[in-house]
Amino acid sequence: MKMPLKIKYADGTEGEVPDSDAALEIYRHSASHLMAAAVCSLFPGTHLGIGPAISDGFYYDFDRAERFVEEDLGKIESKMKELIAENLSFEPCIMSKEEAIAFFARQGENLKVELIQEKAAGTLSIYRLGNVVDFCTGPHIAETGLFDPGSFRILNIAGSYWRGDEKNRQLQRIYGTAFLEPRDLADYIRRLEEAKKRDHRKLGRELDLFSISEEAGSGLIFWHPKGTRIRHIIEDFLRKELYRRGYEFVTTPHVARDVLWKTSGHYEYYRQNMYVFNIDDEEFVIKPMNCPGHIQIYKTQMRSYRDLPMRYAEFGTVYRYEKSGVLHGMLRVRGFTQDDAHIFCTREQVYDEISDLMDLVLYIMKSFGFDQYKVELSVRDASRKKDYAGTEEEWELAESALTRSLSDRGIQWTRMEGEAVFYGPKIDVKLIDAIGRPWQLSTVQFDFTLPKRFGLSYVGSDGSMHQPVMLHRALLGSVERFLGVLIEHYAGAFPIWLAPVQAVIIPIAERHREYAGQVKRRLLQADIRAEVDDRNEKMGYKIRAAQTGKIPYMLIVGDKELQSREVSVRNRFQGDGGSQTLEGFLDTIEGLIKNRAVEP
Ligand SMILES: [Zn+2]
Ligand SMILES: [Zn+2]
């Protein structure tokens, strides 16, 4: 793309935008118009919704009786290239609101009419591109000849609703992407293909880890035996680590009376996400959060400053209603288990608690093989202080503890002004996966409202009553989401310590079965997760099956191994590793497990 980008404003004047995010956005938005023009010319009778640029491309929502199919995408792309060759210009024109409404109504563009009625004042700008007229404030690139035909791609079709509301008309959304440089597009397509290979929904099915049942409902995860093994490993690791660091585990009910949620405020502010039901003339809520439960335990006794800090942890399963359109495999669900904890402490203890938490977050990330992360510190909008709960002193204490804990560790962070929720500041940790994608996992969140709402207190060293500081924190977020991220990060090839099956023993012939069984028993004794593949299949088939199953080690046993009491070791990444004694193999694998090694 020739820079600066030549653009045209709604009043017909032209301008230039230097190579920047702004230029990319105008380019993508213009590409969405180009796509709309191509679609309208290929499929007459199609009506238009909206077509914005988004973070990694653009889309346009179309209203069409027939469904678009995969094969249409290539046709649309070719048509766009034809329109580029015609060098059509983005012709702006100013109309009065009445004129515009009459004009779009004549064209049958009822969605545009609705938008104009709502958004436009006295006059408005419309654009003509070829045969398509659109209501848009622009700016756009000056003419289609400025598009590089190798800089965009039409990607996929999805269902959508007019204005994102399920009650409205259903539309068809076509996504595309465009970059100022064709090589950036090539990079993006490569990343997209890599991401497709790693899709946790696909791998979750292939590796038999989890499923979602339409019969049971969307957004609810069924953990299969292998998925459950990984889950137990994750939970056991965390449980041990938390006990070591002074946490206590608690267990709280999944259902509680509405009264509890009225006190906590969730009934008022979070009702649309809660599963509520009536029984015995009483209303109950399936818990969407664990905090009120932990608070119930805190409140059972008079607490003293000597009892603090108290750290209550729970693998707490919660249910939250989410619109079906946003559900996504294990990453966005309706039922999930948070690795939740709440810390109750004095003001004096805040810094140490936050500090220990940051150490814990970093340790956990490293243990699961993540070295890169982004940290965001969300603080309040200083110009709207009265909109936030908590006192000036509480906010200062919290923000300075969060900031200091980061700077003391030399952690880079982004300060998100005005991004804090009304009840307290927080730190979010987004880890960066193997192909550079960020995933929001850990959160450390101050809460200045719940201690007040539930009347929490402790007796201070001065003998009088004080309100404890309360922190919510989740390290993995939820085990569902975390497993989804692990699958995508490792493309299903989990480090040995997490692999549901660590070694598969493959007897070459019937007569080696007994020895294979002995090897398996020895491995199980040493807590190695081992299986024997004694199916009536060829050796090559079994090796491929183990390879697709991403099992770290294959131990092949035949005449030679049987005689020497050895195993022939094959690693999923390095291939054939030669013969070893079983004890020698055990030493290697136990070392890797103990160090939570990540293979290259
Ligand atoms: Zn536009
Ligand atoms: Zn909480």
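In terms of numbering that gives the first Met the number 0, the sequence shown opens at residue 0 and continues consecutively. Glycine included, C-beta positions come from ideal geometry on N, C-alpha and C.
Asked                                                                                                           : Found
Ala431: first and last residue of the uninterrupted alpha helix (DSSP H) it sits in                             : For the record, residue 431 in the displayed sequence is Ile; it is not Ala. Run containing Ile431: none in the alpha helix (DSSP H); it sits in the beta strand (DSSP E), 425 to 431.
Other residues of its chain near Met538: CB distance less than 8 Å, five sequence neighbours each side excluded : Ile505, Ile507, Ile555
Where Asn155 falls, given that 16 or more other Cβ within 10 Å makes a residue buried                           : exposed
Segment limits, alpha helix (DSSP H) that includes Gln517                                                       : 512 to 524
Three or more C-beta pairs below 8 Å linking the segment 273 to 286 and the segment 426 to 434                  : no
Any non-hydrogen atom of ligand 2 closer than 7 Å to Met273 Cβ                                                  : no
Whole-angstrom distance between Asp586 and Leu405, CA atom to CA atom                                           : 39 Å
Through-space distance from Ile486 to Ile173, alpha-carbon basis                                                : 28 Å
Own chain, CB closer than 6 Å to Thr45, minus 5 neighbours either side, in chain order                          : Val38, Cys39, Phe61, Arg63
Collapsed DSSP secondary structure at Met357 in the structure displayed                                         : helix
Alpha carbon of Phe453 to alpha carbon of Glu213, nearest angstrom                                              : 39 Å
Buried or exposed by the 16-neighbour rule on C-beta atoms within 10 Å, applied to Met288                       : buried
Cβ pair Glu113, Val332 closer than 8 Å                                                                          : no
Gly574 classed as buried or exposed, judged by whether at least 16 other C-beta atoms fall within 10 angstroms  : exposed
Sequence-distant residues of the same chain with beta carbon closer than 7 Å to Gln348, five excluded per side  : Leu307, Pro308
Closer than 5 Å to ligand 2: residues, by C-beta to nearest heavy atom, in chain order                          : Cys290, His471
The alpha helix (DSSP H) enclosing Trp394, as first and last residue numbers                                    : 391 to 407
Which residues DSSP lists as bridging Pro437, in chain order                                                    : Ile431
Boundaries of the beta strand (DSSP E) in which Thr227 is found, first to last residue                          : Element bounds for Thr227: not the beta strand (DSSP E) but the alpha helix (DSSP H), 224 to 243.
For Gly590, the residue or residues it bridges with in DSSP                                                     : DSSP lists no partner for Gly590.
Three-way DSSP call (helix, strand, coil) for Thr262 in this model                                              : helix
CB-CB length for Phe584 against Val568, believed under 8 Å                                                      : 6 Å
Val284 in three-state terms, based on DSSP                                                                      : strand
CB of Lys519 within 8 Å of CB of Val531, strictly                                                               : yes
C-beta contact flag for Ala388 and Tyr362 at 8 Å                                                                : no
Whole-angstrom C-beta distance between Lys96 and Thr136, which should lie under 8 Å                             : Rounded, the Cβ-Cβ distance is 14 Å, inconsistent with contact.
Secondary structure of Gly491, DSSP reduced to three states                                                     : coil
DSSP state of His253 mapped onto helix, strand, coil                                                            : coil
Backbone CA spacing between Leu581 and Glu565 [nearest angstrom]                                                : 6 Å
Distance CB(Ala340)-CB(Tyr311) smaller than 8 Å                                                                 : yes
Collapsed DSSP secondary structure at Ser150 in the structure displayed                                         : coil
Cβ pair Leu470, Ile342 closer than 8 Å                                                                          : yes
Beta-ladder partner(s) of Leu128, from DSSP                                                                     : Val131
C-beta contact flag for Leu128 and Phe89 at 8 Å                                                                 : yes
Check: Tyr59 C-beta below 7 Å from any heavy atom of ligand 1                                                   : no
Contact check, Trp496 vs Arg595, beta carbons under 8 Å                                                         : yes
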